[in-house]
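Only one structure is covered here, and it is reproduced in the block below.
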Amino acid sequence: MLNKPEIQQNRITIPSDPALIREVDEFVELRLRERNLSDTLIADIAICATEIVNNGINHGNKQDLNKTVTLELKLDPEQVVIVVTDQGVSFDPQGVEDPVAPRNLLREVGRGIFIVKHLMDTVEIGRAEGGGTVVTITKKIA
4 MLNKPEIQQN RITIPSDPAL IREVDEFVEL RLRERNLSDT LIADIAICAT EIVNNGINHG
64 NKQDLNKTVT LELKLDPEQV VIVVTDQGVS FDPQGVEDPV APRNLLREVG RGIFIVKHLM
124 DTVEIGRAEG GGTVVTITKK IA
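The numbering used here puts the first residue of the sequence shown at 4, with every later residue one more than the last.
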């Protein structure tokens with residue numbers, strides 16, 4: 004069982020503990036600052052990355068500390084690609100109701116993916132090898 008974040012150059016793996024989301028945010032922001040991106044762009048990407056990781060922890064892995072969430076950051080001159088993989092229940096994006104529909108405005112779920120889809124250029128959700136969900140988000144920077 005992983006007890007703390009495991010950090011490599013462009014990858015961080017954490018146990019499914021919501022308290023470790025801050026570590027993911029700091030990791031993403033640090034890597035993006037190395038590229039001299041604008042504060043607004045860094046904030047937008049970091050918000051999206053932490054939201055996807057949060058979903059993996061809470062909805063995919065159900066906060067099971069024996070399961071992990073991994074975020075991989077790929078940077079090139081034209082775009083930032085973030086791949087988040089959990090080990091939990093596969094996610095069906097079609098099952099998420101519209102968070103801005105009047106009946107859903109006061110609900111506390113469904114806004115994360117909505118925000119990510121509006122801030123990022125592409126969002127792809129699929130099944131990870133061996134189970135779980137893999138979410139790939141891309142933001143053009145050039």
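Glycine residues also receive a C-beta, built at the ideal position from the N, C-alpha and C atoms.
query, result
"G129 (DSSP reduced to helix, strand or coil)", "strand"
"Whole-number beta carbon distance between L5 and P21, since they are thought to touch under 8 Å", "The pair is not a contact, with the Cβ atoms about 15 Å apart (cut-off 8 Å)."
"Per DSSP, the bridge partner or partners of L74", "I15 and V87"
"I116, buried or exposed, once every other Cβ within 10 Å from all chains shown has been counted against 16", "buried"
"DSSP state of V137 mapped onto helix, strand, coil", "strand"
"Beta-carbon contacts of A131 that lie in its chain and below 6 Å, excluding the five residues immediately before and after", "T88 and V137"
"Buried or exposed (CB count within 10 angstroms, at least 16 for buried), G34", "For clarity, residue 34 is Arg in the given sequence; the question names Gly instead. Result: buried."
"Between the CA atoms of I85 and V126 - distance to the nearest angstrom", "10 Å"
"Run of the alpha helix (DSSP H) containing L40, from where it starts to where it stops", "Segment: none, L40 is in no alpha helix (DSSP H) and carries neither H nor E."
"Rounded C-alpha distance that separates I50 from D42", "12 Å"
"Status (buried if at least 16 other CB within 10 Å, exposed otherwise) for E9", "exposed"
"heavy atom of the ligand GDP below 8 Å from V138 C-beta", "This structure lacks the ligand GDP, and indeed carries no ligand of any kind."
"I10, DSSP secondary structure in three states", "strand"
"Counted within 10 angstroms of its Cβ, other Cβ atoms place Q90 as buried (16 or more) or exposed", "buried"
"Three-way DSSP call (helix, strand, coil) for K65 in this model", "coil"
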